[in-house]
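Each step along the sequence shown adds one to the number in our numbering, with nothing skipped, and position 237 is 241.
Beta carbons: idealized from backbone N, C-alpha and C, even for Gly.
Keep in mind that this is a model prediction, so the values were computed, not measured.
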Amino acid sequence: MKNNNLISINDLSNEEIFNIIHLTKKIKANKYPYRNIASRFILGNLFFQPSTRTRGSFESAMLHLGGNVINVNDINTTSIVKGEAVQDTIRMWDNYADILVLRHSNENFVKEAQGVSTIPIINAGNGEDEHPTQTLVDLFTIMCEFDTIEHLNFVICGDLKRGRAVHSLIHAALRFNNNIMLVPANGYELSSSFLNNILNQHKGKSLMRDYSSLDKLYPNKKEEIYYIKSHADWSAPYVFYMTRLQNNTPSTDINYPYIDKHLVLDFRNKDLYNNFILMHPLPRHNEIPEHMDENTHSKYFQQAANGVPVRMALIIDMLGTTL
Ligand code: CP
5 MKNNNLISIN DLSNEEIFNI IHLTKKIKAN KYPYRNIASR FILGNLFFQP
55 STRTRGSFES AMLHLGGNVI NVNDINTTSI VKGEAVQDTI RMWDNYADIL
105 VLRHSNENFV KEAQGVSTIP IINAGNGEDE HPTQTLVDLF TIMCEFDTIE
155 HLNFVICGDL KRGRAVHSLI HAALRFNNNI MLVPANGYEL SSSFLNNILN
205 QHKGKSLMRD YSSLDKLYPN KKEEIYYIKS HADWSAPYVF YMTRLQNNTP
255 STDINYPYID KHLVLDFRNK DLYNNFILMH PLPRHNEIPE HMDENTHSKY
305 FQQAANGVPV RMALIIDMLG TTL
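Spelled out as structure tokens, the structure:
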């Protein structure tokens, strides 16, 4: 891992991602052997933006490892609101904790923090940029379902412009040679700089426009749906990854893609979509209605539950030899 900081999913090699997935599998099967492994350590859980899953699962993960946690849940309770510089805030936390988890609305906060920190830093979401630990959770969930994270078909829907979880996921999905179909909401397409960047990084992969198999998913926005092709097996299992509009506007206010049971039945009636799972990083608005929760294809609550063992594995990996 680059300087033992996890800022981008690209700071982890494919081998390191597989190692975390394999350790997560062991932890999920039996947490008991790991119960005291971090007992001498303190995790600083600094959330300057709201969170249910990421903050809670990092705290739970550290407690499961026998460690301690100091939480900051509100930027207004820190001296940042008195004008303290990022560098000074992080220098202080170097004294208080052994590993830092940071979430901030400004994508540069976490990047600047790694420049001054002497302890490992984990990005728990930096603005609209990346959410690498969500991607580890996603990849582990996919591995549990399909026994592979490679050569699958991803359909990634919703607010692709501002969704940090999908940005990290797209990087990882391409690195593991998956096909990706991008289904953005109207006006929320990937930025051209992001798209050009990933196409430059993955020169062997081609960008295609072909929306025919997705017309029922998002009938009013056909021209913006396109694929990034890594392989030719369109009958491989599908990961439908839905996301919410990244502000508090209900998605009924705009023409937004959504999943419901009629759509799922339609997928199942097509040979292509026999084998698929439905994922969402959560929280959701109404792009996946509650009646989908009991559907056998819906995996978003398992995905959230996997946050604890995945983050246990990541903490063990980053504390490494000091344990
Ligand atoms: N998936 C996710 O990041 O959820 P929270 O915002 O609740 O942490």
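In terms of Cβ geometry, residue 308 and residue 286 form a close pair [threshold 9 Å]. Beta-bridge partners of residue 283 (DSSP): 245.
Per DSSP, reduced to three states, the secondary structure at residue 317 is helical. Less than 9 Å divides the Cβ of residue 76 from the Cβ of residue 52. Judged by beta-carbon spacing, residue 127 lies beyond the 9 Å limit of residue 143, meaning their Cβ atoms are not closer than that value. The DSSP-derived three-state label of residue 196 is helix. Listed in chain order, the non-local C-beta contacts of residue 27 below 6 Å within the same chain comprise 317, local neighbours out to five positions each way being set aside.
Around the C-beta of residue 130, 16 or more other C-beta atoms lie within 10 Å, and the residue is accordingly described as buried. Collapsing the DSSP output to three states places residue 26 in a helix. A check of alpha carbon separations from residue 148 across 313, 321, 320 identifies 313 as the nearest.
For residue 165, the closest of 138, 199, 159, 139 by C-alpha to C-alpha distance is 199. In this structure residue 85 is not in contact with residue 49, their Cβ atoms being roughly 19 Å apart against a cut-off of 8 Å. In the DSSP assignment, residue 293 forms no beta bridge with any residue. Taken atom to atom, the span from the alpha-carbon of residue 116 to that of residue 202 is near 23 Å. Here DSSP, grouped into helix, strand and coil, assigns residue 203 to helix.
9 Å or more divides the Cβ of residue 245 from the Cβ of residue 141.
For residue 289, the closest of 247, 9, 33 by C-alpha to C-alpha distance is 247. Of the heavy atoms belonging to the ligand CP, at least one sits nearer than 8 Å to the Cβ of residue 169. Counting along the chain, residue 188 sits inside the beta strand (DSSP E) bounded by residues 183-188. For residue 234, the CB contacts under 7 Å within the same chain, skipping 5 residues up- and downstream, are 178, 181, 182, 183, 209 in chain order. The continuous stretches of alpha helix (DSSP H) do not include residue 39, and DSSP gives it neither H nor E. Here residue 232 is near residue 211, since their CB atoms are less than 9 Å apart.
Residue 323 is not a Cβ neighbour of residue 37, given a cutoff of 9 Å.
Cβ atoms of residue 162 and residue 189 come within 8 Å of each other, at about 6 Å. Chain order is used for the residues whose beta-carbon lies nearer than 5 Å to a heavy atom of the ligand CP, namely 55, 56, 57, 58, 285. Secondary structure note for residue 65: its alpha helix (DSSP H) is the uninterrupted segment 57-68.
Residue 101 and residue 279 have their C-alpha atoms spaced approximately 44 Å apart. Under the DSSP assignment, residue 115 falls outside any beta strand (DSSP E), being part of the alpha helix (DSSP H) whose first and last residues are 111-120.
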